[in-house]
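**Student:** In order, the protein sequence lines correspond to chains U and B.
Letter 714 of the first sequence, counting from 1, is numbered 716 in this note's numbering, and no numbers are missing.
Letter 337 of the second sequence, counting from 1, is numbered 775 in this note's numbering, and no numbers are missing.
C-beta atoms are modelled at their ideal positions from N, C-alpha and C, and glycine is treated no differently.
Next up is a structure, given as C-alpha cells.
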Amino acid sequence: MRIERLAVRDFRKLDRGVEIAGFDPAITIIVGDNEEGKSTLLKALQAVFFDRHGLTGKAIEDMLPFGAKGVRPAIDVDFVLAGALYRLEKAFGRDPSVSLEGGGGRWQGEDAEDRLRELLGFTQPGRGPAKEEHRGLAGLLWVEQGRAFARLEMNSDSQTALREAIEGEVGQVLGGDRGRRLLAAVKERVGDYYTPTGREKKTLSDRRKRVGELENERQTQERELRDYDKKVKELGDLRRRLIRYDRKDSLTTAKTAMDEADKAVRELEKVDARVETAKASMGGAEAVARAAEKDRDRRAGLAAKASRAEEEAREAATALENLEPERDGAERALTETLRQFDKSGRRRDEAKDAAVSARRARERAKTADELETIENKLKRADALNEKIGREKRASAANPVDDDVLDRLRDLSSKIAGAEAALEAAAVALTFEPEGAMAVSLDGEPVDTDRPVRVTERKTFRLQGFGAVEVRPGDEDIVPLRDRLSGLSRRLRDKLRELGLNDLAAAQTALRERQRSAGRLERLRGELKGIAPEGVEALRETVRGKRESLAAVEGGDGGSPDIESARTVEAEAEGRLEDAESAFAAALRERDAARSAHGKLQDEWIGAAERRRLKAEAADRLQTELAQARRDTADDVLAERAEADRRKFDERKAEYERMLKERDALAPDEVQLEHGRARDAYDRLKKEKNKAERDERDLTIELRTLGQRGLAEELERARGELDIACAELAREEAEAKAWKLLMDTLREAEREAKETFLGPVRDRLKPYLRMLFPDTELRLREDTLDIVSLVRGGVEEPFDDLSVGAREQVAVLTRLAFADLLREKDRPVALILDDPLVNSDDERFDRMQLALRKAAETLQIVVLTCHEARYETLGAKTVRLADCRTGG
Amino acid sequence: MTFRFVHTADWQLGKQFANIPGDAGAALRERRVETVKAVGRLAAERDADAVLVAGDAFDANAVADRTLTRMSVALKEFAGDWVFIPGNHDPALADSVWSRLRHRGLSDNVYLALELEKPLTLAGGRAVVLPAVLRRRHEIDDLTAWFDNAETQEDAIRIGLAHGSVPESLPDSSAKPNRVPAGRAEAARLDYLALGDWHGTRRINDRTWYSGTPETDRFTSSDPGHALVVTIRKPGGSPEVEKVPTGHFTWREESAEVRDDADVEALDRKIGELAPEPERCLLRLTLDGAVDLATRKRLFDRLGDWEARLHHLDIWEDGLLAEPSEDDLDRIDRDGFVRVAVERLRDRARDERDPDRAVARAALIRLYKTHVGTGG
C-alpha cells in the first residue's frame with residue numbers, strides 16, 4: 003500500500019485545509035510545529051480509512067475544529083494498492099458521504115465502506131468511532147505520538163494476518179486450540195501426581211506410605227505367627243520331656259542316691275567329733291608342760307641377775323674413790339686465779355681516771371683558741387655595719403630615680419613638640435633689605451639671612467621704612483602658644499621641687515644614686531661572708547664561748563696550750579689500753595678455772611649416786627632370791643618340768659592316731675558325692691516342676707494366641723499389601739506415563755514455537771544487527787508481542803529496557819512484521835508520529851539506516867516537529883505550513 | 439448293612455482371599471462356611487450316616503475363635519456323625535484348632551481323630567474308620583501303614599481316612615510329603631479310602647478317591663466344587679460314589695488374542711458363555727495380540743462392563759500390545775506440535791532398546807483417551 007496524496011478540510015486542528023501531494027514511495031518526513039496539526043494528519047488518515055462516514059454524536063463533535071459550527075469535515079486520500087490507484091473521499095457530519103474509485107471500479111456509501119474493508123482487511127465497530135482494534139494492520143503499523151515505546155498489543159486482525167503470513171512459510175506447527183486444550187488436560191492429570199516443582203503428591207506418597215505401613219504390619223504378623231509356631235513347638239517339646247521323666251522315673255533314682263550320701267556324711271561327722279576331742283586334750287597337756295618349764299627357767303634367771311648386781315656395786319665404789327684427789331686440785335687452782343683477777347681490776351680503774359683528766363685539759367685548750375678567732379670576726383663585722391649605715395643615708399638624700407627622670411624627659415619632649423607645632427603655625431617673614439638696611443624687633447637686630455617666624459603680635463622696625471606690625475592669625479596660634487607655656491612652666495616647677503637646675507643635672511643625680519646602690523651591695527656581701535647568720539648571732543656565739551670557757555676554767559684555773567694538752571692525753575690513753583688487756587686476760591683465766599672445777603665436782607656427785615643405787619639393787623635381788631629358794635628349791639622345779647613334758651607327748655600320739663582313722667574314710671569324696679546327689683535331685687525336681695508349670699502356662703497362652711487368628715490376620719495383611727503394591731505400581735506407571743506424555747508434548751510445543759517464530763526472526767535479524775548486535779528478540783508465539791531482549795545469554799524483559807531501547811526495539815519489530823506482511827501482499831505502510839524522541843544521536847543515526855533499509859520496499863511516513871534531526875536521512879521533507887490550502 | 443457317608447475335605451475355613459479386594463474377597467470368605475452348611479444339608483438329604491472330612495477343614499491352626507464357632511454352627515445342619523482328621527494346614531500340634539475345639543467342648547456327633555493308630559467305630563459298629571493323624575505339618579513316615587494290620591470286626595465296613603498325596607497318581611507330587619501309597623486300600627483291605635489335600639475331585643482307583651474342596655478357592659484346571667456321596671452296601675462290596683456339585687462360585691481362566699474389533703466381539707461372546715451367571719463367576723483373562731488405540735479403547739470399554747457384572751475380573755494384559763495406527767494418530771492431530779509428540783512417543787514405543795518403551799506406550803494410550811475426552 004502506498005499513499006500518494008492526502009487532503010483534509012475542517013478536521014480538528016486543520017480548520018484551514020491542508021493538502022499534501024507527492025508522498026514519496028520510500029520515506030516522507032512531514033514537518034510541523036507543535037499544535038500545527040501534524041498529529042491530526044494521522045487522525046485524518048485513521049478516520050478516512052476506518053471510521054464510518056455515517057458517524058454521529060460525540061465522534062463527529064470530536065472531529066470538528068474548535069468552535070466551528072456548520073462545517074463538514076472532509077478527507078480525501080489517493081493510494082495505490084496491488085498496483086491499482088484508488089481515490090477515497092469521505093465527508094463526515096452533516097450530509098456525510100463516501101466514495102471510492104480505482105482499480106476499474108467506483109463505489110459509494112456503504113458499498114464503498116465494504117469495498118474498503120475488503121481491500122484493507124479490518125473489522126469495523128458496530129457503532130461509534132474505530133479504535134485501535136478496528137484498524138487492522140494500521141493498528142499495528144500506524145503509531146501515534148507517544149506510543150512508540152509501548153508494547154505492540156496488536157489487534158486480532160493483525161495477529162491473524164501475521165499468523166497467516168508465518169504459517170504460509172512454516173505450515174501449521176502450533177497445535178492451535180486443540181493442542182492447547184490437550185496439553186492443559188494432560189497437565190491437569192500430571193498435576194494429580196506431581197506438584198508444579200516435580201515433587202510427588204499424596205496420590206503417590208500416601209500409597210507409598212501405605213505400602214510401608216502394610217509391609218511393617220505384615221512383618222509384625224509374620225513375627226507373631228513365627229513366635230506362635232515356635233511356642234507350639236516348645237509346648238510339644240515340653241510334653242515329650244515330661245513323658246520322658248515319667249517313663250524313666252529318674253526322680254526316684256536321684257532321691258535314693260541322695261539318701262545314701264547323707265548317711266555317709268553322718269558317719270564321717272562322728273569320727274570328726276572324736277578327732278576334735280583328742281586335739282583339745284593334747285592342747286591342754288602342752289600348756290601345762292610349757293608353764294613348768296617356764297618356772298624353772300625364771301629361777302635360773304633370777305640367780306644370775308643377783309650375782310651381776312653385786313659385781314656392779316663393787317665397781318661403782320672404786321670409781322668414786324679414784325675421783326676425789328683430782329677434784330681437790332681443781333679447787334686450789336680456782337682460789338689462785340680469783341686473787342689475780344681482783345688485782346688487775348684495780349689497775350685498770352686507775353688508768354681510766356688518768357685518761358679522763360687528760361681529755362678535759364685538751365678540750366679546754368681548744369675552746370680558748372676558738373673564742374679568739376670569733377672575737378676578731380665580730381670586730382670586722384661591726385666596722386662593716388657602720389659603713390653600710392653611712393651609704394644608706396647618702397642614698398636616701400638623692401631624690402632622682404628612674405620614674406622621676408622618665409617623667410622629666412616626657413615633659414621635655416612634649417615641650418619640643420609644642421615648640422615645633424608653634425613654629426609650624428607661625429608666620430614666616432623673609433626680609434630682603436636693600437643695601438645695608440637693617441631690621442629690628444623689639445630693638446634687637448633681626449638676622450635677615452633666614453626667615454623669621456612670628457607666633458604673636460610683633461612689631462618690626464625696618465630701617466629706612468618704619469615699623470611693621472605682624473599679627474599672626476590669633477585663633478590658630480593662641481592655643482599652641484598656651485600649651486607650650488603651660489608645659490614649660492610644669493617642667494620648671496618640677497625641677498625646682500627636686501632642687502635641680504635642668505634635665506642634665508637630673509641625669510647626673512640618677513647616675514650617682516645607681517653607683518651608691520652598687521657600693522651598698524658590695525658591703526652587704528662582705529658582711530654576709532663574715533657573719534652569715536647576722537652580726538647579732540655572731541655576738542651571741544662569742545658570749546656563749548666565753549661562758550663555757552669560764553665554766554671549765556673554774557676547775558684548775560689557767561689553760562694550757564693545746565698541743566701539750568694533746569700529748570698528755572695520748573699517753574694516758576696508751577696506759578689505759580694496756581690495763582684493759584691485762585684485765586681481760588685475768589678474766590679469761592678465772593672463767594677457765596671455774597669451769598674445770600665445776601666439771602670435776604659434777605663427776606664426783608654422779609659417781610657417788612651410782613655407788614648408792616648399785617648397792618641398793620644388789621641387796622634387793624639377794625633378798626628376792628633367798629625368799630624364792632625358801633618357797634621352792636631349784637631342783638624341785640626342774641623335776642616338775644620334766645614330768646609335764648612326758649604327759650604332753652602321750653596326748654599328741656593319741657591325736658595323730660585319730661587323724662589317721664578319719665583319713666581312711668576319704669572325707670572329700672563323701673562330701674563331693676553328697677553335693678552331687680543333692681544337686682542332681684534338686685535340679686531334676688526343679689526342672690520337672692518348671693516343665694510342668696511351663697506346660698500349663700504355654701497351654702493357656704497358646705489357647706489365647708490361637709483365638710486371635712494370627713494366620714488369618716497375616717493372610718489378610720499379605721493380601722492388603724499385595725493390593726497396595728499393585729495399586730502403587732499402577733499409579734506409578736500412570737504417573738510416569740502422564741509425565742512422559744506432558745514432557746514430550748511440552749518439548750514438541752517448545753520446538754514448534756521456535757519454528758513458528760523463525761520467519762519473524764529472519765526478518766528481524768538484519769534490523770537488530772544495526773542497533774543491537776549479538777542480540778536476539780524473544781516474542782510470544784500466541785500474541786506475537788515482544789517479551790524480552792536476550793543479550794549475551796541474559797534475558798532482559800521488554801518492560802525493563804530503557805524507554806529509548808523500547809521504542810527502537812518496537813519500531814524494528816514493526817519493520818520486520820511489515821516486511822513479512824508485504825511479502826505476502828498485505829496492504830502495509832508505516833506511519834510514525836514523532837517516534838524515536840528518546841533515542842540518543844548515535845542510536846538515532848542507526849535507526850535512520852534501519853528505516854532506509856525498510857523503505858526499499860515499504861512506504862514510511864514520519865510526522866515530526868524535529869526537522870533538523872531528519873535532515874541527514876536524505877528523505878523527502880514536506881512542511882505542513884507549505885501545504886495550507888484555504889483560509 | 440449299608441453304610442452311606444459324605445466324603446469331603448479341604449474346606450480351608452479361615453482362608454482370607456485377601457488379594458481379591460473389597461466386597462468380592464469378603465463374599466468368598468463368607469461363602470466357605472455357607473458351603474459347609476450345604477455339605478451338611480446334602481448329608482441330611484441323602485440320609486447319610488456320617489460326613490468324613492479328610493483334613494484341612496481349616497486353612498491354618500491360627501484361625502480366630504470366630505471361625506471355629508462359625509464352623510460349629512454350620513455342623514448343626516447335619517445331626518449324623520462328623521469325623522475330622524487333621525491335615526497339613528491344621529496338623530494336631532501341641533496347640534491347634536483341634537485342641538482348642540476340644541477345650542471349647544463339641545457336640546456328641548462330632549469326632550476328632552487325633553490319637554495315633556486308633557480306629558473309630560461308627561453307626562453302631564457297621565463301619566470302622568481308620569484315621570491317619572498328622573501330628574506335624576509334614577510327615578515322612580506313611581501314616582496309613584498301620585491300616586494294614588488294624589484289627590476290625592469281620593462284619594464292619596473298613597474305611598481309611600487320610601490327608602496327603604498319592605505320588606503315582608497326582609501331577610508334580612513325587613517330592614511332596616505326607617505320602618499315601620495308591621495301593622493302600624487294597625493292602626489294608628479297605629472298602630474305601632477317603633483322601634484329602636488335592637482340591638479337585640479325583641478317582642485314584644475304585645476304592646480310593648479325593649473328594650476335592652467343596653468350594654473352589656483358586657483359579658485351577660482341576661475339578662473342584664464337589665462333595666462325594668459314597669454308599670457301601672456290605673464289607674468288601676464295591677463303593678458307589680456320586681459326585682455332587684456343592685460350589686457356589688466358578689473360577690475361570692481364559693486367554694484371548696485380540697487384533698481387531700471382530701476379536702473384541704468374539705471375546706465378549708466367549709465371556710458371556712463362560713459366565714452364564716456372571717455374579718457367581720471369577721474370571722482371570724490373559725490378553726495377547728496387538729491392537730490399535732481405537733480398538734484397545736473399545737476392548738477395555740467392553741471389559742469395563744464385564745468387570746462390573748462379574749464377581750471378580752482379573753485382566754493380565756502384558757501380552758497385549760497397543761500399537762497406534764495412522765488413523766489413531768490422525769485422530770489425535772494431523773499436524774502441529776501434538777502430532778510431533780505423538781510420533782515421538784510412537785517411535786519410542788517401537789524402539790526395543792528404549793528402557794521407557796512401555797511408559798511411552800502407556801503415554802500414547804492416555805493421550806488417545808485424553809484426546810477423546812477433550813472432544814478432539
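CB-CB under 6 Å to U:Gly105, same chain, minus the five flanking residues each way: which ones, in chain order?
**Tutor:** Ala86
**Student:** Between U:Leu386 and the rest of its own chain, which residues show a CB-CB distance below 8 Å, the 5 nearest in sequence each way excluded?
**Tutor:** Leu525, Glu528, Leu529 and Ile532, listed in sequence order.
**Student:** What residue does the beta strand (DSSP E) around B:Trp754 start on, and which one ends it?
**Tutor:** His750 to Ala760
**Student:** So, is the C-beta of B:His809 closer than 8 Å to a C-beta in chain D?
**Tutor:** Absence of chain D from the displayed structure is noted, the protein chains being U and B.
**Student:** May I have the straight-line CA-CA distance separating U:Leu627 from U:Val638, to the nearest angstrom?
**Tutor:** 15 Å
**Student:** Hey, would you say U:Asp836 sits closer than 8 Å to U:Gln147, going by beta carbons?
**Tutor:** In this structure, the beta-carbon distance from U:Asp836 to U:Gln147 falls below 8 Å.
**Student:** Just the Cα atoms here: how many angstroms apart are U:Asp801 and U:Asp35?
**Tutor:** 31 Å
**Student:** Should the region 786-805 of chain B be called in touch with the region 724-743 of chain U, which here means at least 3 C-beta pairs below 8 Å?
**Tutor:** yes
**Student:** Here's the rule: buried if 16 or more other CB atoms are within 10 angstroms of the residue's CB, otherwise exposed. What is U:Pro799?
**Tutor:** exposed
**Student:** Compute the Euclidean distance between the alpha carbons of U:Leu340 and U:His599, then round it to the nearest angstrom.
**Tutor:** Distance between the alpha carbons of U:Leu340 and U:His599 is about 13 Å.
**Student:** Give a yes or no on contact between the region 430-440 of chain U and the region 448-467 of chain U, applying the rule of three or more CB pairs nearer than 8 Å.
**Tutor:** yes
**Student:** Can you name the residues of chain U whose CB is closer than 8 Å to the CB of B:Asp497?
**Tutor:** Ala713, Glu714 and Glu717
**Student:** Between B:Gln450 and B:His527, which are expected to be in contact by the criterion C-beta below 8 Å, what is the C-beta distance as a whole number of angstroms?
**Tutor:** 7 Å
**Student:** DSSP three-state call for B:Ala405: helix, strand or coil?
**Tutor:** No answer is possible for residue 405 of chain B: the residues shown for chain B start at 439 and end at 814.
**Student:** Which residue comes first and which comes last in the beta strand (DSSP E) that contains U:Tyr88?
**Tutor:** Ala86 to Ala93
**Student:** In terms of residues, what are the limits of the beta strand (DSSP E) holding B:Thr724?
**Tutor:** Following the DSSP letters along the chain, one finds B:Thr724 inside the beta strand (DSSP E) bounded by residues Cys719 to Val729.
**Student:** Mind listing which residues of the region 772-800 of chain B have their C-beta closer than 7 Å to chain U's C-betas, in chain order?
**Tutor:** Going along the region 772-800 of chain B in chain order, one finds Asp773, Gly774, Phe775, Val776, Val778, Ala779, Arg782, Leu783, Asp794, Val797, Ala798 and Ala800 with a Cβ nearer than 7 Å to chain U.
**Student:** Assuming contact is defined by CB atoms lying nearer than 8 Å, are B:Ala779 and U:Ala737 in contact in what I supplied?
**Tutor:** no
**Student:** Which partner residues does U:Ala456 have in the DSSP bridge list?
**Tutor:** Ala is not the amino acid found at residue 456 of chain U; the sequence shown has Val there. Per DSSP, U:Val429.
**Student:** For U:Glu1, which residues in chain B fall below 9 Å Cβ to Cβ?
**Tutor:** For residue 1 of chain U there is no data in the structure shown, the boundaries of chain U being 3 and 889.
**Student:** Applying the criterion that 16 or more other CB atoms from any shown protein chain within 10 Å of the CB defines a buried residue, is B:Met439 buried or exposed?
**Tutor:** exposed
**Student:** Closer than 8 Å, CB to CB, is B:Arg564 near chain U or not?
**Tutor:** no
**Student:** Are B:Ala620 and B:Leu490 touching if we call contact CB-CB under 8 Å?
**Tutor:** no
**Student:** Beta-carbon of B:Asp579 versus every beta-carbon of chain U: anything under 8 Å?
**Tutor:** no
**Student:** Under 8 Å: do the region 483-496 of chain U and the region 393-405 of chain U share three or more Cβ pairs, one atom per stretch?
**Tutor:** The region 483-496 of chain U vs the region 393-405 of chain U: no contact.
**Student:** Within 10 angstroms of the Cβ of U:Asn691, are there 16 or more other Cβ atoms? Answer buried if so, exposed if not.
**Tutor:** exposed
**Student:** Given this structure, state the Cα-to-Cα distance separating U:Asp812 from U:Asp208, to the nearest angstrom.
**Tutor:** For the record, residue 812 of chain U in the displayed sequence is Ala; it is not Asp. Straight-line Cα distance between these residues: approximately 52 Å.
**Student:** U:Met3: buried (16+ other C-beta within 10 angstroms of its C-beta) or exposed?
**Tutor:** buried
**Student:** Based on Cα-Cα distance, which residue from B:Gly452, B:Thr582, B:Ala565 and B:Ile670 lies nearest to B:Leu554?
**Tutor:** B:Thr582
**Student:** For B:Pro459, which residues in chain U fall below 7 Å Cβ to Cβ?
**Tutor:** Ile725
**Student:** Between the alpha carbons of U:Glu202 and B:Glu717, how many angstroms are there, rounded?
**Tutor:** 38 Å
**Student:** Between which two residues does the alpha helix (DSSP H) harbouring U:Pro761 extend?
**Tutor:** For U:Pro761, the uninterrupted alpha helix (DSSP H) run begins and ends at Gly760 to Leu773, by DSSP.
**Student:** Report yes if the CB atom of U:Ala291 is closer than 8 Å to the CB atom of U:Glu656, and no otherwise.
**Tutor:** No, the Cβ-Cβ distance between U:Ala291 and U:Glu656 is not below 8 Å.
**Student:** How far does the beta strand (DSSP E) with B:Arg520 in it extend, from its first residue to its last?
**Tutor:** Here the sequence assigns Trp to residue 520 of chain B, which means Arg is not the residue at that position. Start and end: Asp519 to Phe522.
**Student:** Give the interface partners of U:Val175 over in chain B, defined as CB-CB distance under 9 Å, in chain order.
**Tutor:** Asp773, Gly774, Phe775 and Val778
**Student:** Who are the neighbours of U:Lys738 on chain B, taking C-beta pairs under 7 Å?
**Tutor:** Val797
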